[in-house]
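Take a look at the structure below.
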Amino acid sequence: MPWLIEKMREPELVFAAGLAMRDLFEVDFNDTGLFAIDPADLGKAFEYLNDSPLPVADRVAAWWDEGRGGRGRTPFHSMRRLRLDALRAAIAATDTPLADWRRTRRFPAWL
25 MPWLIEKMRE PELVFAAGLA MRDLFEVDFN DTGLFAIDPA DLGKAFEYLN
75 DSPLPVADRV AAWWDEGRGG RGRTPFHSMR RLRLDALRAA IAATDTPLAD
125 WRRTRRFPAW L
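Encoded structure:
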């Protein structure tokens with residue numbers, strides 16, 4: 025995670041780092057204040073980036089250090105990853121019936 029936070033300090037990678045962070049944790053980051061729309065919150069180097077909410081590296085580092093990040097949370101597995109794993113299992117075992125590669129997980133209504 026510290027590596028990802030460092031990438032949030034680079035204007036070229038801040039958007040990708042924010043997407044990666046959203047994929048890592050099953051947290052509604054819209055309510056945490058870790059992402060900002062105003063480029064002034066990010067610094068002078070980020071002034072030209074104003075299309076979408078971007079992570080503020082200092083806020084994310086504080087959130088992570090306070091223990092709200094990695095502790096007590098289960099790792100997030102994307103739906104795409106679950107489907108690819110099911111397809112790989114089906115390809116590896118050709119003599120078995122078709123695998124349920126469309127398998128999805130049910131999410132609570134608030135996600």
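Under the numbering used here, the first residue of the sequence shown is numbered 25, with each subsequent residue one higher.
We put the beta carbon where it would ideally sit given N, CA and C, even for glycine.
Count the other CB atoms within 10 Å of the CB of residue i; is the residue buried (16 or more) or exposed (fewer)?
i	result
isoleucine 29	buried
alanine 41	buried
leucine 111	exposed
leucine 108	exposed
By Cβ distance, which residues of its chain are closer than 8 angstroms to residue i, with the 5 residues on each side in sequence left out?
i	result
phenylalanine 59	Gly42, Phe53, Pro77, Leu78, Pro79, Val80
glycine 57	Arg83
alanine 116	none
threonine 120	Ala114
Going along the chain, which residues of its own chain have a beta-carbon closer than 7 angstroms to the beta-carbon of residue i, five neighbours each way excluded?
i	result
alanine 44	Leu28
proline 63	Phe70, Glu71, Leu73, Asn74
alanine 85	Ile29
Specify the secondary structure class of residue i as computed by DSSP and reduced to three states.
i	result
valine 137	Coverage of the chain is limited to positions 25 through 135, which leaves residue 137 absent and any answer about it impossible.
alanine 117	coil
glutamate 90	coil
Who are the Cβ neighbours of residue i in its own chain at under 6 angstroms, not counting the five residues just before and after it?
i	result
methionine 25	Trp88
aspartate 65	Val80
valine 38	Met32, Leu78
As an exercise, report each continuous alpha helix (DSSP H) stretch of at least 4 residues that is fully enclosed by the region 32 to 78, in chain order.
38 to 48, 63 to 66
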